[in-house]
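This report concerns only the one structure given below.
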Amino acid sequence: MTATTLKTRSSREVYRDVLVELMPDDERLVCLDSDTGLFGGVDFGEASDRYLNLGIAEHTLMGAAAGLAKEGRMPVVNTMAAFASTRALEAVKVDIALNNLPVRIAATHSGVSGGHLGPTHHSLEDLAVMRNLPNMTVVVPADATTTDELFRQALTLPGPVYFRLGRNATPDLPEGPPVRLGQAQILREGGGSADVTLAACGPYPVLAALDAADLLERDGIAASVIHVHTVKPLDTATLATAAGATGVVVTVEEHWRAGGFGAAVAESLSEILPVRVCRVAMPDAFVPVAGGQKYLLERGGITPQAVAARARAALGRTRRSR
Amino acid sequence: MSGTSTLPGAIRAGGTADPAAMTGRIREHIVNMCASPEGGHLGGSMSLVEVLATLYFRIMRIDPRDPGSPDRDMLLLSKGHAGIALYATLCEAGFFPEELLTDYARPGSAFMAHPHAEVPGVEMPSGSLGHGLALGVGVALAARLDGSDRRCFVVMGDGELQEGSVWEAASVAAGHGLENLTAVIDRNRLQITGATEYVGNLEPLADRWRAFGWHVREADGHDVAALTEALAAPPEPGRPTLIIAHTVKGKGLPFIEGQARSHYAKLGDRQHRRALSTLRAAQEGERR
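Here it is, written out as C-alpha cells:
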C-alpha cells in the first residue's frame, strides 16, 4: 500500500474550517446552511450575521444563493451532493449557472461516502450532472491538503463552483507538485517510458491508482499517475501529453460509469488522439447495502487490483503471459 | 393628470408618466408582439399590465439611466411567461427604444418569450415557474446584510402557486422575517387547462399565506390607485408582504377576457387590427 496517514478531519470539516477562517476578512462570503449539522458549535465571530440557516429547503437554498450573489455576495451553500445535484438541480441550472453567479456549492457526502446512509444519500451522478452545466467549475479534492488549497483558489473564480466533498476522513495523498485549480497534478511520472497512464479523481480512486502503479511496476509495466481534481474545465493538455506517450489511459473514479470523470476524459482525448480510454468506475446500479466508503467502493470494483487488471488487459498482457 | 407621486419613498422610473396613462401603450405593445410570427403569452400579460405599470412608474426606486445602481429596488418576474408585458413596461419606462420590441422572437434576438437578462432592465431570467420567490429571499437577505432599505418585488402567477418550491420559499421568507420582500400574485384565476380552482385548488389563498406568516393585502389588480396603496403601505414588522392582485386574464380585449384559451395567442392581421382598435377606443373613452 502507498504510505498514507489517516487524517482525523474529513474534507467537509477541512473546507468548513477554511471558510470560517476566511469569512471575517471577506465580507462577500455568506455561509448558507440547510440544516446540515456541519456548523454546530462553530463560532463565526464577527461574521456571525453571514451564517444563515435556511432549513431543509434545497431549492430555496440555491435560489437564495443566486439572489445573494446577484446582489454582490459570494454565497457558499451547504448541502449533500445528492441533494445539490438532483433535488435542487433546476435551481442550480436556471438560477446559478444561467446567471453565471459566483455561488460555491459545498456538496458533502459525495459518491458513496455517505456509506450506510444508503442510495438516497449517495451521489454517483453528480459529476455527470454538474459538468454538463455551462459556466460551472467542478472540483473534486482528494484529501485535506487539496481541499484546503482548492477551496481557497476556487474563491477567486468569477462563476459558480461545484465543490465535491466527502463525509469521513480519508488518507492523505503523498506529497506532490503544487495543487493548482484547473491543472492536473502528476503524482507519479512515467517519464517518456511509461506504458500506461492512470488518471484518477477523488480520494480512494487516486490511492487506488497509486497502488495499482506499484502492482504494475512489479510486472515490469511503467504507469504514470495523474490526479485530476478539476473535472471541469478538464486539463486536457496534461492528459493528452501523457496519453500521447502511452496510448492507453485507465481512469478511476467514485462515480457511475456514464457521464462522469472517465467519460469526460474519453470525450476530450478521443477528439485529438488515437488513444484507448478504459474506465474503472462504479457499475450502473444503485448500492443497496450498508458499508463504509472504502468497502462500498471495493464492492463496486474500485480497487488497485481492478485498476491494474484493466491496465494489463488494455496493454494486451496478463501477469501470467509475462 | 398629475405626473408627480406624492407617496413617501416612491421614486418613479420613466420620467413623468402616470401609470394609468401608460397602460394603453403597454397593452398595444403586448398585442403587437402577439401578432408576430411566433405569437405570445397574451392573456397572462394583459392581466399584469396595471401591476407592472404601478410598480415601475410609481413604486420602485429604479432609474433606467442607471440600471445597475446598487440601491435600486428589484423586480423579479417569476411568471416569466408574461415576458412581453415586462418588455412593454421596460420600454415605456425608458430602458430601451420602442424599435427593439419588433425584435421579439426573431431568430437571434434576446427578446424571447421568457425574459433573459440580456434585455435591458431584466434583472434575472425566468420562465420555469416557482423560482422567483427563492431568488427574492436571497435578494432581500442581501439588502438586509447591506443595511439597505431597497425592496424586492416578486411577481407570480396564481397557477404558479401549484409549484412546491413557492411554499418552500414562502416558509423561509417568513422564518427570516423578510419585511423588505413583497410578492404579488396575478390572481387571474386561469391557467392553460382551465380554472385554477379546477386544476389546483388554491383557495383559501389569503389564509394560506397568512398561515405561512405573511402579511396579506388584496387589491383590484386593474386599479392603479388601489395597487399603489397596497404596494406603498409600510410592511408589517417582521413579515414579508403578499399582495393578491385580483385580475382578469386577457384584460382590455373583451373578446378574450376571462378565457383560458387567451393564454397563448398568435394574432392574425384581422385579429390584430381588431385588438388595436379595441384598445384605442377604450383609451379614447377614458380621455373623454
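Just so you know, the protein sequences line up as chains A and B, in that order.
Each residue of the first sequence is one higher than the one before, starting from 59 at the first, in this note's numbering.
Each residue of the second sequence is one higher than the one before, starting from -3 at the first, in this note's numbering.
A virtual CB, placed ideally from N, CA and C, is assigned to each residue, including glycine.
Please read all numbers here as calculations on a predicted model, not as lab measurements.
Annotated three-state conformation of Q211(A) is helix, per DSSP. Across the structure, V286(A) and E247(A) are spaced so that their CA atoms are roughly 14 Å apart.
Within chain B, S124 have C-beta atoms less than 7 Å from the C-beta of E148(A), given in sequence order. Contact between M29(B) and Y100(B) holds: CB atoms are separated by about 5 Å, below the 8 Å threshold. Note that the C-beta distance between V323(A) and A372(A) is not below 8 Å. Take the alpha-carbon of T237(B) and the one of Q158(B): they are about 19 Å apart. Bounds of any beta strand (DSSP E) do not take in Y260(B), whose DSSP letter is neither H nor E. R213(B) places its beta carbon 8 Å or farther from that of I181(B).
F221(A) counts as buried, since at least 16 other C-beta atoms from the protein chains shown sit within 10 angstroms of its C-beta. For chain B, the residues of the segment 117 to 129 of chain A that bring a beta carbon within less than 9 Å of one of its beta carbons are H117, T118, L119, M120, G121, A122, A123, A124, G125, L126, A127, K128 and E129, in chain order. According to the DSSP assignment, G40(B) belongs to the alpha helix (DSSP H) that extends over G39 to M42. Taking a Cβ-Cβ cut-off of 7 Å, M108(B) has no neighbours in chain A, whose nearest Cβ is about 12 Å from it. Within the segment 50 to 75 of chain B, no residue has its Cβ closer than 7 Å to any Cβ of chain A. Listed in chain order, the alpha helix (DSSP H) elements of length 4 or more contained wholly in the segment 91 to 146 of chain B are 128 to 142. L227(B) and I58(B) have their alpha carbons spaced roughly 15 Å apart.
DSSP assignment within the segment 260 to 310 of chain A yields the following whole beta strand (DSSP E) runs of 3 residues or more, N-terminal first: 281 to 285 and 288 to 290. Distance between A366(A) and G217(A), taken at the CA atoms: about 38 Å. With 16 or more other CB atoms across the displayed protein chains lying within 10 angstroms of its CB, I55(B) is buried. The closest CA to that of S181(A), considering only R368(A), V72(A) and M340(A), is found on M340(A). Taking 8 Å as the CB threshold, D75(A) stays off the interface with chain B.
Judged by their CB atoms, L38(B) and A261(B) are nearer to each other than the 8 Å cut-off. Here W314(A) carries a strand assignment [DSSP, helix/strand/coil].
By the rule that beta-carbons nearer than 8 Å mark a contact, P121(B) touches chain A. Taking a contact to require three or more Cβ pairs closer than 8 Å, the segment 151 to 169 of chain A and the segment 166 to 178 of chain B do not qualify as touching. A113(B) and M120(B) do touch by the CB rule: their CB atoms are close to 6 Å apart, below 8 Å. Around H77(B), no beta-carbon contact reaches into chain A at under 8 Å, the shortest distance being about 14 Å.
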